[in-house]
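Participant: Under this note's numbering, think of the first position of the sequence shown as 1010, with each following residue one higher. In this text, a Cβ means the ideal position worked out from N, Cα and C, and glycines have one as well.
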Amino acid sequence: MLSGYPETGRAMVANDPKLALTLRLDLIDVAEHSIDIQYFIWQNDLSGILVIDRLIEAADRGVRIRALVDDIQL
């Protein structure tokens, strides 16, 4: 999904929820140094579980994770 993603970075609007989740998971998977992530509401649903699992995997491989969350609904 992220092949050809420019090294300089860019902004992208993903209007499709499935595409947005896929892009987030791909970005987490390729992170090498750090991830700064912000959520308004983090729910204990499929997407929330997938993201947290991938963040834990990233942290286990040495990626620094910082999360700003307004509300966690577990």
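Can the beta-carbon of L1077 be found less than 8 angstroms from the beta-carbon of Q1047?
Facilitator: In the sequence shown, residue 1077 corresponds to position 68, counting from 1. In the sequence shown, residue 1047 corresponds to position 38, counting from 1. Yes, these two residues count as a Cβ contact at 8 angstroms.
Participant: Kindly give me the distance between the Cβ atoms of A1020 and L1032, rounded to whole angstroms, as I take these residues to be in contact under 8 angstroms.
Facilitator: Your numbering for residue 1020 matches position 11 in the sequence shown. Your numbering for residue 1032 matches position 23 in the sequence shown. Actually they do not touch by this definition, with Cβ atoms about 12 angstroms apart.
Participant: Check whether the Cβ atoms of L1034 and R1063 sit closer than 8 angstroms, and answer yes or no.
Facilitator: Indexing the sequence shown from 1 puts residue 1034 at position 25. Indexing the sequence shown from 1 puts residue 1063 at position 54. It is a contact, given that the beta carbons lie within the stated cut-off.
Participant: Are I1074 and I1050 closer than 8 angstroms when you measure CB to CB?
Facilitator: The residue labelled residue 1074 in the question sits at position 65 within the sequence shown. The residue labelled residue 1050 in the question sits at position 41 within the sequence shown. No, these two residues do not count as a Cβ contact at 8 angstroms.
Participant: Is it the case that the Cβ atoms of L1030 and S1056 are separated by a distance below 8 angstroms?
Facilitator: Counting from 1 along the sequence shown, the entry for residue 1030 is found at position 21. Counting from 1 along the sequence shown, the entry for residue 1056 is found at position 47. The answer is yes: Cβ separation under 8 angstroms.
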